[in-house]
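Enquirer: Quick note: numbering that gives the first Met the number 0 has the sequence shown finishing at residue 219, numbered continuously throughout.
Take a look at the following structure, please.
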Amino acid sequence: MNSITIARPSMVQPVDPIWRSIRDEAMEAVNRDPLLAAFLYSTILNQESLEEAVIHRLAERLAHQDIGSDLIRQTFKAMLDDDPEWSTTVRVDIQAYYDRDPACDRFIMPVLYFKGFHAIQTHRLAHWLWNHGRRDFALYLQSRSSSVFQTDINPAARIGKGIFLDHATGLVVGQTAVIEDDVSILHGVTLGGTGKANGDRHPKIRRGVLIGAGAKILGN
């Protein structure tokens, strides 16, 4: 008699050490301070992936009566579907905070609390929108990020992976600026233009550079 084997779905989950650490840290935080349980469950523990957690947190922070959290969440997911590389980028950005910020001793901290991390992920969405011809939505996110995170990053600016924006307050990045991978920028920094009406007029920051607080770098 022939036997029939019924395939069972695999229970093996992809290895994702940063996400696993963040979930462990969230549970530890719940145990330390149960008053934060609802926040930590909705933002981290009830999410299926790191991408979902970051998107949820940013959508809640950027939400406004003009454009609500659901629309922002949908747009982030559209970006992720179109550009899966964001999954790698967001993890490299989190690792940058953990490695370079002495005040960051848990992976969960940038995701929940650090506006520099939130600002750079918002810019990544705005840049994707800009490159897909949706410039008004991109400019809206630039404006919203300026209001919420006190950063002003033009959506056209090109920014690499592993970016650490420490504090981030007062950061200005112009339209034709380029920031390569593994750059660290402290608060109050301006990457400004030369005064030309158009064309390539903003700084190019090369890989691994550290820019100190209050620095003003003008021109190409």
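Ideal Cβ placement from N, Cα and C applies to all residues, glycine included.
Predicted model, so just to flag it, every value in this text is computed and none were measured.
Taking the C-alpha atoms as reference points, what is the distance between Ile-210 and Asp-65?
Expert: Rounded to whole angstroms, Ile-210 to Asp-65 spans 35 Å at the Cα level.
Enquirer: Which residues share a DSSP beta bridge with Leu-170?
Expert: Leu-170 pairs with Thr-150.
Enquirer: Decide if Ser-144 is buried, meaning its Cβ has at least 16 other Cβ atoms within 10 Å, or exposed.
Expert: Flag for Ser-144 reads buried.
Enquirer: Whole alpha helix (DSSP H) runs in the segment 36-70 with 4 or more residues, listed along the chain?
Expert: For the segment 36-70, whole alpha helix (DSSP H) runs of length 4 or above, ordered along the chain, are 36-39, 49-61.
Enquirer: Between Gly-218 and Gly-191, what straight-line distance do the alpha-carbon atoms span, to the nearest angstrom?
Expert: Distance between the alpha carbons of Gly-218 and Gly-191 is about 6 Å.
Enquirer: Mind the definition here: the segment 118-128 touches the segment 79-91 only if three or more C-beta pairs lie below 8 Å; say whether that holds.
Expert: Yes, they touch.
Enquirer: Please say whether Leu-57 and His-117 have beta carbons closer to each other than 8 Å?
Expert: Contact flag set, yes.
Enquirer: Report all residues from its chain with a CB closer than 7 Å to the CB of Asn-153; omit the five preceding and five following residues, and keep chain order.
Expert: Answer for Asn-153: Gln-141, Val-172, Gly-173, Gln-174, listed in chain order.
Enquirer: Buried or exposed for Met-0, going by 16 or more other Cβ atoms inside 10 Å?
Expert: Because Met-0 sits at a pLDDT of 47, beneath the cut-off of 50, its placement in the model cannot be relied upon, and the following sentence gives the value as read from the coordinates. That one is exposed.
Enquirer: Mapping DSSP to helix, strand and coil, what is Ile-107?
Expert: Here Ile-107 sits in helix by DSSP.
Enquirer: Does the Cβ-Cβ distance between Ile-107 and Glu-47 come in under 8 Å?
Expert: Taking 8 Å as the Cβ cut-off, Ile-107 and Glu-47 do not qualify as a contacting pair.
Enquirer: Whose CA, out of Asp-100, Ile-119, Val-110, Met-78, lies closest to the CA of Leu-39?
Expert: That would be Val-110, whose Cα lies nearest to the Cα of Leu-39.
Enquirer: Hey, Arg-200 and Thr-193: beta-carbon distance below 8 Å or not?
Expert: A contact, by the Cβ cut-off of 8 Å.
Enquirer: Figure out for me which residue from Thr-42, Asp-32, Gly-161 has the closest Cα to the Cα of Asp-181.
Expert: Comparing Cα positions, the closest option is Gly-161.
Enquirer: Below 8 Å CB to CB, which residues in the same chain sit around His-55 once its five sequence neighbours on both sides are set aside?
Expert: Excluding residues within five positions, the ones whose Cβ falls inside 8 Å are Ser-41, Thr-42, Gln-46, Arg-72.
Enquirer: Distance check for Ile-216 and Val-177, CA to CA, integer angstroms please.
Expert: Val-177 and Ile-216: Cα-Cα distance of roughly 12 Å.
Enquirer: To the nearest angstrom, report how far apart Pro-33 and Leu-49 are at their CA atoms.
Expert: About 22 Å.
Enquirer: Report the three-state DSSP secondary structure of Thr-175 (helix, strand or coil).
Expert: Reduced to three states, the DSSP call for Thr-175 is coil.
Enquirer: Does the distance between the C-beta of Ser-142 and the nearest non-hydrogen atom of the ligand HEM fall short of 7 Å?
Expert: Ligands are entirely absent from the displayed structure, and the ligand HEM is therefore not among its contents.
Enquirer: Opposite Phe-113 in the DSSP bridges: which residues?
Expert: In the DSSP output, where bridge partners are listed per residue, Phe-113 has none listed.
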